[in-house]
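This report concerns only the one structure given below.
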Amino acid sequence: MAKGSGKLRVMVSLTQQARYKTSVQGSQVVVTFSRHGAASGDAQVAQQNRQGPAVVQRAVSQQAQASNYIPRPASQAPIRPVQRPVTVRQLAPIDFRRHSDGSGKAIIKLPHPATKVTATKNGNILMVKISDAATKEPRKRLNVLDFATPVSYIDIERKGADALVKLIANTAFEHKISREGNQYVITMGKVQRKEQPVDPLKPVQKKYKGKPLSLNFQDIEVRSVLQLLADFTDKNIVVSDSVKGNITLRLKSVPWDQALDIVLESKALAMRSNGNVIWVAPAVELQAKEQQELQALERKKALEPLVTEYISVNFAKADEMLALINSQTNGKNSSMLSDRGNVSVDTRTNTLLVQDTVSRVDQVRNMVKSLDVPVRQVSVEARIVIASDNFGKELGTRFGVTKIGSSGGITSGSLGSTSSIADNMASGTSIEVPGLDDRLNVNLPVVGAAGSLGFSLLAKDYLLDLELSALQAESKGDVVSTPRVVTADKKKAVIEQGVDIPYLQASSSGATSVSFKKAVLSLEVTPQVTPDEHVIMDLKVNQDTVGEVYSGVPSINTREITTQVLVDNGQTVVLGGVHEETNQNDTTKVPVLSDLPYLGKLFQKNVKSNDKRELLIFVTPKIMN
């Protein structure tokens, strides 16, 4: 039941479909429900708004089939895994109420006190995402216009295993969210105008609300005017003996409280109110009296007994609390303790030992209670992915001709080979065939060839050697590094893994010393949790590997990114990436001969390579409740 804009709205929740009819009997409106028959009109809406049992969702897989698809026999049918049902808790009905100040209050009963809820404001819509909760209907709208609040409609949608509640406002609004147990309460009201800052040099205009009166007197005693005002207002006015003098005034339709202020200001008087009694005296006299009361209060505090209390600090450090208690502002002491008070710290038990008056000790205890709360923790997981795709192709030849001509001419691959044959011919001994490397005219083989084809042709006066070698290599790989660290809110955390590489370093005196270089995988992060469940992170992600060694000093291949990002809780964001692609074509050949058509391939070596590397860095923060 709700009131607003001169209307009364009554909502009735039904447990089943029913017929209803309304009738007016005098000043009463009678609604009659019947269990028989189908529901109609508003009864159907009420039935739709009724919550059903818990929803059980099962995974359903679909597979597209080609037009020429032939099903396999049942005996060969693959064994499919059993799909386990995933239970989603049912979301209870949403209760909406109107406050006396015109704001709207939506109460969502969560399935469990630990249910994750995320609220986001987008224009005039406040979206609330409730995890692991669902409604019976995929989509439903509640009309709350008659409540005369900033909220017009409440839309409830099912998003997979989650529920999305949208509060649609009809004007600019400000909201406040509170949570107690399994109740999630949202209060939405109109935006309040901010008061303009008050200029201390400009007098504040006082608003008078007294009943108007008219006064027209010449040279009348001030005490008599005060008596007239007391009779007009039925208030008790006590006038000091120091109030003297006459006044002339003419006031027409002036609020009585304004008339009283005019009389007091004209005679340097002041007043103090206490209930229905007004005390009037010279301003100097009132100030002197208040000063005396203040001095008496200070003397009383100076005589107040001291108490000692031990305040345990649970989550913070007692030293930090001590600094707050004894803080100074602009060089002035702004301690929470009195001049007689003192505080010390027991670091072993993390306890504050406070000695002061009861009121000051209470202030310290309340401060510690407000600030000594557990700090939220954040789990940060980074993922560094290095993907590589390499392709290479090589083709090489080895070719040689060794020939002894009829006139005694010798042809071979090297001068050593021809000299050996000539020595054999001169000595009359049998001619020995030189080694293969000495017989080759072209020696451009493939190193580590995967396959080769060679043949030799030996005749009476010549020897022909030919070898073709080839290599094709492909490689694909992924390197995934996943550093993970948990830290408190606004606290820096560092995690690293790697090696320290030793090397010798010479000094100016000629002596050598051992130095180290780091090649590590590291994650350095400082998270900050925002009130709307987002995470701001100052990140530095680094992955080093050992490179080549130059003059005994190893080099370090560095991959590093330093940035600041704002990420939603549990969201994965790509911090950055680097894509490298290298295409290389190398040809080693014999001049002139390699340019011959077709036969030129025998006098050259070709190497082709295509290397691709890609670096991607991901990061995922999760707030730990």
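Each residue of the sequence shown is one higher than the one before, counting from 1 in UniProt numbering.
Glycine included, every Cβ here is placed at the ideal spot set by N, Cα and C.
Determine whether the beta carbon atoms of residue i and residue j lie at a separation below 8 Å.
{"i": "residue 632", "j": "LYS207", "result": "Because the chain in this structure spans residues 1 to 625, residue 632 falls outside the shown range and cannot be described."}
{"i": "LYS235", "j": "ILE262", "result": "no"}
{"i": "ILE154", "j": "LEU167", "result": "yes"}
{"i": "ASP356", "j": "ARG376", "result": "no"}
{"i": "VAL368", "j": "LEU353", "result": "no"}
{"i": "ARG365", "j": "SER338", "result": "no"}
{"i": "ALA92", "j": "LYS109", "result": "yes"}
{"i": "VAL30", "j": "TYR20", "result": "no"}
{"i": "SER103", "j": "THR149", "result": "yes"}
{"i": "ASN569", "j": "LYS622", "result": "yes"}
{"i": "ALA106", "j": "ILE177", "result": "no"}
{"i": "VAL447", "j": "LEU602", "result": "no"}
{"i": "ALA323", "j": "GLU614", "result": "no"}
If we count the other Cβ atoms within 10 Å of its Cβ and call it buried at 16 or more, is residue i buried or exposed?
{"i": "ASN344", "result": "In the sequence on display, residue 344 carries Ser and not Asn. Exposed, by the Cβ-count rule."}
{"i": "MET188", "result": "buried"}
{"i": "ASP319", "result": "exposed"}
{"i": "TYR503", "result": "exposed"}
{"i": "PHE315", "result": "exposed"}
{"i": "GLY123", "result": "exposed"}
{"i": "LEU297", "result": "exposed"}
{"i": "THR15", "result": "exposed"}
{"i": "TYR184", "result": "buried"}
{"i": "LEU264", "result": "buried"}
{"i": "VAL529", "result": "buried"}
{"i": "PHE455", "result": "exposed"}
{"i": "THR402", "result": "buried"}
{"i": "ARG484", "result": "exposed"}
{"i": "GLU467", "result": "buried"}
{"i": "ARG98", "result": "buried"}
{"i": "PRO527", "result": "buried"}
{"i": "ASP114", "result": "A quick correction: the sequence has Ala, not Asp, at residue 114. Per the 10 Å Cβ criterion, exposed."}
{"i": "MET11", "result": "exposed"}
{"i": "VAL222", "result": "buried"}
{"i": "VAL535", "result": "buried"}
{"i": "ARG58", "result": "Its pLDDT being 35, under 50, ARG58 is placed unreliably by the model, and the measurement read from it follows with that caveat. By the neighbour-count rule (16 or more Cβ atoms within 10 Å), ARG58 is not buried but exposed."}
{"i": "ILE325", "result": "buried"}
{"i": "LEU229", "result": "buried"}
Less than 8 Å between the CB atoms is what I'm expecting for residue i and residue j, so what's the real figure, rounded?
{"i": "SER266", "j": "ILE237", "result": "So it is not a contact: roughly 17 Å between Cβ atoms."}
{"i": "residue 631", "j": "SER412", "result": "Only positions 1 to 625 of the chain appear in this structure, which leaves residue 631 out of reach."}
{"i": "GLN90", "j": "ALA119", "result": "That pair is no contact at about 21 Å."}
{"i": "VAL243", "j": "LEU269", "result": "6 Å"}
{"i": "LEU260", "j": "ARG272", "result": "Not a contact, Cβ separation roughly 13 Å."}
{"i": "VAL480", "j": "VAL385", "result": "5 Å"}
{"i": "ALA450", "j": "ALA470", "result": "7 Å"}
{"i": "PRO445", "j": "ARG398", "result": "5 Å"}
{"i": "VAL284", "j": "SER240", "result": "Their Cβ separation, rounded to whole angstroms, is 11 Å, which puts VAL284 and SER240 out of contact at 8 Å."}
{"i": "VAL191", "j": "PHE173", "result": "6 Å"}
{"i": "ASP465", "j": "LEU436", "result": "7 Å"}
{"i": "VAL440", "j": "GLY400", "result": "The identity of residue 440 in the sequence shown is Leu, whereas the question assumes Val. So it is a contact: roughly 4 Å between Cβ atoms."}
{"i": "LYS605", "j": "THR588", "result": "4 Å"}
Please work out which residues of its chain come closer than 6 Å, Cβ to Cβ, to residue i, disregarding the five sequence neighbours upstream and downstream, and give them in chain order.
{"i": "GLU560", "result": "ASN542"}
{"i": "SER609", "result": "GLY392, GLN584"}
{"i": "GLU157", "result": "ARG139, LEU164"}
{"i": "SER522", "result": "GLU496, ASN542"}
{"i": "residue 626", "result": "This structure cannot speak to residue 626, because the chain is shown only from 1 to 625."}
{"i": "SER312", "result": "THR351"}
{"i": "VAL607", "result": "GLU394, ASP586"}
{"i": "ARG72", "result": "For ARG72, the pLDDT reaches just 47, beneath the cut-off of 50, and the residue's location in the model is therefore unreliable, leaving the point undetermined."}
{"i": "SER152", "result": "LEU145, ILE168, ASN170"}
{"i": "PHE96", "result": "ALA106, VAL144"}
{"i": "ILE404", "result": "ILE410, ASP461"}
Counting only the same chain and skipping the five closest in sequence on each side, list residues whose C-beta sits under 7 Å from that of residue i.
{"i": "GLN363", "result": "MET336"}
{"i": "ALA519", "result": "GLY498, VAL499, ILE501, ASP544, THR545, VAL546, ILE556"}
{"i": "GLU533", "result": "THR118, ASN569, ILE623"}
{"i": "LYS252", "result": "SER214"}
{"i": "LYS7", "result": "ASP146"}
{"i": "VAL514", "result": "PRO502, LEU504"}
Only counting the same chain, and skipping five residues up and downstream in sequence, which positions put a Cβ closer than 8 Å to that of residue i?
{"i": "PHE232", "result": "LYS211, LEU213, TRP256"}
Below 7 Å, is the gap between the Cβ of residue i and the nearest heavy atom of the ligand ZN?
{"i": "PHE455", "result": "Of the ligands one can find in the structure shown there are none, so the ligand ZN has no counterpart to examine."}
**Asked** How about the region 378-392 and the region 613-620: do they share at least three Cβ pairs that are nearer than 8 Å?
**Response** yes
**Prompt:** Taking contact to mean at least 3 C-beta pairs separated by less than 8 Å, is the region 129-148 in contact with the region 161-174?
**Reply:** yes
**Message:** With three or more C-beta pairs closer than 8 Å as the rule, is the region 544-554 touching the region 567-574?
**Reply:** no
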